[in-house]
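Below you'll find the structure, written out as structure tokens, and then a few comments.
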Amino acid sequence: MTSLLDALQPLAAVVGAVVVALVVVWCARRLVHRLLRAAPDVQAVTRRANNPARLVLSVLGARIALGQTASDQPWSGAVDYALVLLLIAALAWFLVVVLLIVETVVLARYTAVAKDMRRLKRLETQVVLARRISVALISTLAVASVLLTIEEVRALGAGILASAGLISIVAGLAVQNSLSNVFAGVQLAFTGAIRVDDVVVVEEEMGTIEEITLTYVVVRVWDERRIILPSTYFTSTPFENWTRRRSELLGTVELDLDWHAPVSALRKHLDDVLRTSDLWDGRTGALQVTDAVDGVVRARILVSAEDSSSLWDLRCEIRESMVGFLQERYPGALPRQRWESVGPALPLGAWDGPLDHDRTTIGRTGSRGASKL
Numbered sequence: 002m003t004s005l006l007d008a009l010q011p012l013a014a015v016v017g018a019v020v021v022a023l024v025v026v027w028c029a030r031r032l033v034h035r036l037l038r039a040a041p042d043v044q045a046v047t048r049r050a051n052n053p054a055r056l057v058l059s060v061l062g063a064r065i066a067l068g069q070t071a072s073d074q075p076w077s078g079a080v081d082y083a084l085v086l087l088l089i090a091a092l093a094w095f096l097v098v099v100l101l102i103v104e105t106v107v108l109a110r111y112t113a114v115a116k117d118m119r120r121l122k123r124l125e126t127q128v129v130l131a132r133r134i135s136v137a138l139i140s141t142l143a144v145a146s147v148l149l150t151i152e153e154v155r156a157l158g159a160g161i162l163a164s165a166g167l168i169s170i171v172a173g174l175a176v177q178n179s180l181s182n183v184f185a186g187v188q189l190a191f192t193g194a195i196r197v198d199d200v201v202v203v204e205e206e207m208g209t210i211e212e213i214t215l216t217y218v219v220v221r222v223w224d225e226r227r228i229i230l231p232s233t234y235f236t237s238t239p240f241e242n243w244t245r246r247r248s249e250l251l252g253t254v255e256l257d258l259d260w261h262a263p264v265s266a267l268r269k270h271l272d273d274v275l276r277t278s279d280l281w282d283g284r285t286g287a288l289q290v291t292d293a294v295d296g297v298v299r300a301r302i303l304v305s306a307e308d309s310s311s312l313w314d315l316r317c318e319i320r321e322s323m324v325g326f327l328q329e330r331y332p333g334a335l336p337r338q339r340w341e342s343v344g345p346a347l348p349l350g351a352w353d354g355p356l357d358h359d360r361t362t363i364g365r366t367g368s369r370g371a372s373k374l
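Under our numbering, the first residue of the sequence shown carries the number 2, and numbering increases by one thereafter.
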């Protein structure tokens with residue numbers, strides 16, 4: 002009977018330690034739930050820490066309990082080693098979740114008081130990238146800690162350190178491109194060259210920055226395609242960022258018109274279109290005649306909108322409205338070509354009288370089309 006109790010003592014100690022760990026986690030969860038009652042988003046993220054916290058405390062309690070009750074057992078060494086490995090993995094998992102919670106708390110608090118969306122997007126980019134770097138470091142340290150628990154690996158590590166010079170050169174050459182992408186990703190995040198939701202032009206395509214990672218950037222174009230570019234592209238290749246300082250943009254609509262075009266009426270119609278449009282931000286709206294050559298006058302409309310998508314739709318709306326207005330009210334203002342026929346040319350010297358201006362060519366006006374981007 003005594004031997005049976007001695008055999009069950011380690012098991013009872015482990016069960017008791019696990020129960021205590023679960024109770025501690027439950028109490029901590031209730032406390033956090035009360036403290037974060039006003040922040041439901043943060044509450045949802047903190048729930049992710051329940052399982053890793055239970056695992057960490059349970060493994061830690063079990064290891065302490067076995068050390069107190071079964072240290073002299075022949076199987077204690079193997080069980081303790083397995084618990085050490087499990088504890089390392091559980092700690093890494095818990096730290097990764099803690100980083101996610103910190104990221105959510107920081108962004109939630111800043112979002113509640115932020116008035117400048119550009120700064121918010123920049124902070125979001127930096128915080129997300131910092132978390133990813135930290136997760137990579139935690140994973141590397143966890144794997145290294147597991148390997149260093151093996152005696153043979155520790156001996157191998159000493160031999161590697163002895164020839165570190167040659168290996169570092171070979172490894173540096175092997176991972177040169179990867180490391181350059183990583184450093185470029187860090188540079189992009191903390192210099193603010195691009196942010197999530199920035200509108201950029203890359204590879205002759207306009208799109209929105211959808212994701213920034215350590216090694217690549219995802220750009221979403223208008224037709225829902227994704228362009229995936231290495232981080233080094235944005236540090237070594239010129240590109241356009243339409244929202245670097247602010248999201249408000251200016252755009253133009255150009256119309257090639259006949260000389261009879263009523264500029265004043267066009268200005269009034271433009272004012273009516275802008276006044277009734279939800280796409281116009283109210284900053285800029287003007288029509289000017291910027292050129293008058295080759296038989297046509299060029300009317301240039303300058304408008305503003307709060308972002309690139311609204312600006313594109315506004316330009317299309319103005320262009321369609323102007324074309325319809327001219328067709329309905331002033332068809333004579335549409336671009337056209339004029340020709341006047343003349344008689345056959347007289348032989349040289351056959352006419353000594355004054356030049357008949359009525360028989361010369363008046364000319365023509367060319368047309369390049371109704372509108373131009």
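Note that the Cβ used here is the ideal one computed from N, Cα and C, for glycine as well.
- Tell me the DSSP bridge mates of Thr253? The count along the sequence shown starts at 1 and reaches residue 253 at position 252. Beta-bridge pairing links Thr253 to Leu303.
- Is Pro75 helix, strand or coil when you go by DSSP? The residue given as residue 75 occupies position 74 in the sequence shown. Reduced to three states, the DSSP call for Pro75 is coil.
- Compare the Cα-Cα distances from Ile195 to each of Pro53, Glu318 and Leu121 and report the closest residue. Start at 1 with the first residue of the sequence shown, and residue 195 comes out as number 194. Per the Cα distances, Leu121.
- Message: Going by DSSP in three states, Pro231 sits in which element: helix, strand or coil?
- Response: On the sequence shown, residue 231 is found 230 positions in, with the first residue counted as 1. In this structure, Pro231 counts as strand in the three-state DSSP scheme.
- Query: Taking Cβ to Cβ, would you say Leu267 is nearer than 8 Å to Thr285?
  - Reply: The residue you call residue 267 lines up with position 266 of the sequence shown. The residue you call residue 285 lines up with position 284 of the sequence shown. In this structure, Thr285 does not lie closer than 8 Å to Leu267 by Cβ.
- Task: List the residues that DSSP assigns as beta-bridge partners of Arg221.
- Result: Numbered from 1 along the sequence shown, position 220 holds the residue referred to as residue 221. Looking at the DSSP assignment, Arg221 forms a beta bridge with Thr209 and Arg227.
- Query: Is the segment 247-263 close to the segment 214-230, with three or more CB pairs under 8 Å?
  - Reply: no
- From Val290 to Lys269, what does the alpha carbon distance come to, in whole angstroms? Against the sequence shown, residue 290 aligns to sequence position 289. Against the sequence shown, residue 269 aligns to sequence position 268. If you take the alpha carbons of Val290 and Lys269, they lie about 14 Å apart.
- Query: Which value, in whole angstroms, describes the spacing of the CA atoms of Val197 and Ala45?
  - Reply: Counted from its first residue, the sequence shown places residue 197 at position 196. Counted from its first residue, the sequence shown places residue 45 at position 44. Distance between the alpha carbons of Val197 and Ala45: 23 Å.
- Query: Which residue from Leu275, Val136 and Arg49 puts its Cα closest to that of Ser305?
  - Reply: As a position in the sequence shown, residue 305 is number 304, starting the count at 1. The shortest Cα separation from Ser305 among Leu275, Val136 and Arg49 belongs to Leu275.
- Going by DSSP, name the residue or residues bridged to Glu321. Translated into the one-based positions of the sequence shown, residue 321 becomes position 320. Partner(s): none; Glu321 has no beta bridge.
- Message: Please classify Ala165 as buried or exposed, where buried requires at least 16 other C-beta atoms within 10 Å of its C-beta.
- Response: As a working mapping, residue 165 is identified with position 164 in the sequence shown. Because the pLDDT at Ala165 is just 48, under 50, the model does not fix this residue reliably, and the point stays unresolved.
- Use the C-beta contact count for Glu321: other C-beta atoms within 10 angstroms, 16 or more gives buried, fewer gives exposed. Indexing the sequence shown from 1 puts residue 321 at position 320. Counting Cβ neighbours within 10 Å, Glu321 comes out exposed, since fewer than 16 surround it.
- Please report the Cβ distance between Val57 and Leu23, rounded to the nearest whole angstrom; I am assuming they are in contact, meaning their Cβ atoms lie under 8 Å. Here residue 57 corresponds to residue number 56 of the sequence shown, with the count starting at 1. Here residue 23 corresponds to residue number 22 of the sequence shown, with the count starting at 1. 12 Å between Cβ atoms; not a contact.
- Query: With respect to 7 Å, is the separation between the Cβ of Leu23 and the closest non-hydrogen atom of the ligand GDP below this value?
  - Reply: In the structure on display, the ligand GDP does not appear, and there are no ligands present to speak of.
- Query: For Leu130, which option in Arg64, Ala83 and Thr216 has the closest C-alpha, if you only look at C-alpha atoms?
  - Reply: Position 129 of the sequence shown, counted from the start, is the residue given in the question as residue 130. Looking at the Cα atoms, Thr216 is the closest of the given residues.
- CB of Gly62 within 8 Å of CB of Val19, strictly: Residue mapping note: residue 62 aligns to position 61 of the sequence shown, counting from 1. Residue mapping note: residue 19 aligns to position 18 of the sequence shown, counting from 1. Cβ distance < 8 Å, so Gly62 and Val19 count as in contact.
- Query: DSSP state of Gln127, grouped into three classes?
  - Reply: Here residue 127 is taken as the residue at index 126 of the sequence shown, counted from 1. Note: Gln127 maps to helix in three-state DSSP.
- Going by the CB atoms, is the gap between Asp224 and Ala334 shorter than 8 Å? Here residue 334 is taken as the residue at index 333 of the sequence shown, counted from 1. Here residue 224 is taken as the residue at index 223 of the sequence shown, counted from 1. Their beta carbons are not under 8 Å apart, which means Ala334 does not touch Asp224 by this criterion.
- Query: So, helix, strand or coil for Thr291, using DSSP?
  - Reply: Counting from one through the sequence shown, the residue named residue 291 turns up at place 290. Strand.
- Residues that DSSP places opposite Gly286 in a beta bridge: Translated into the one-based positions of the sequence shown, residue 286 becomes position 285. Looking at the DSSP assignment, Gly286 forms a beta bridge with Val304.
- Query: Does the separation of the CB atoms of Gly186 and Arg123 fall below 8 Å?
  - Reply: Indexing the sequence shown from 1 puts residue 186 at position 185. Indexing the sequence shown from 1 puts residue 123 at position 122. It is not a contact, given that the beta carbons lie outside the stated cut-off.
- Per DSSP, Asn242 is paired with what? As a first step, residue 242 must be located in the sequence shown, where it is residue number 241. Note: Asn242 sits in a beta bridge opposite Val201.
- If you draw a straight line from the alpha carbon of Ser278 to that of Leu315, how long is it in whole angstroms? The residue labelled residue 278 in the question sits at position 277 within the sequence shown. The residue labelled residue 315 in the question sits at position 314 within the sequence shown. If I take the Cα positions, the gap works out to 8 Å.
- Query: Do Ala300 and Ala262 come within 8 Å of each other at the CB atom, strictly closer than that value?
  - Reply: By 1-based counting over the sequence shown, the position of residue 262 is 261. By 1-based counting over the sequence shown, the position of residue 300 is 299. Yes, these two residues count as a Cβ contact at 8 Å.
- Message: Rounded to the nearest angstrom, what separates Leu108 and Val183 at their Cα positions?
- Response: Looking up residue 108 in the sequence shown gives position 107. Looking up residue 183 in the sequence shown gives position 182. If you take the alpha carbons of Leu108 and Val183, they lie about 24 Å apart.
- Task: Tell me Val85's beta-bridge partners as DSSP assigns them.
- Result: Within the sequence shown, residue 85 is the residue found at index 84, counting from 1. Its beta-bridge partners do not exist; DSSP assigns none.
- Per DSSP, the bridge partner or partners of Val297: By 1-based counting over the sequence shown, the position of residue 297 is 296. Val297 pairs with Val294.
- Hey, how far is the Cα of Asp273 from the Cα of Ala287? Residue numbering aside, residue 273 sits at position 272 when the sequence shown is read from its first letter. Residue numbering aside, residue 287 sits at position 286 when the sequence shown is read from its first letter. Going from the Cα of Asp273 to the Cα of Ala287 covers about 12 Å.
- Going by alpha carbons, who is nearest to Ile388 out of Val136, Val254 and Val200? Absent from the model: residue 388. The displayed extent of the chain is 2 to 374, so no value can be given.
- Relative to the C-alpha of Ala143, which residue among Gly283, Val200 and Val97 is closest? Here residue 143 refers to the residue found at position 142 of the sequence shown. The option with the nearest alpha carbon to Ala143 is Val97.
- Task: Assign Gln338 to one of two classes, buried (16 or more other C-beta atoms within 10 Å of its C-beta) or exposed (fewer than that).
- Result: If you number the sequence shown from 1, residue 338 lands on position 337. When all chains shown are included, Gln338 counts as exposed.
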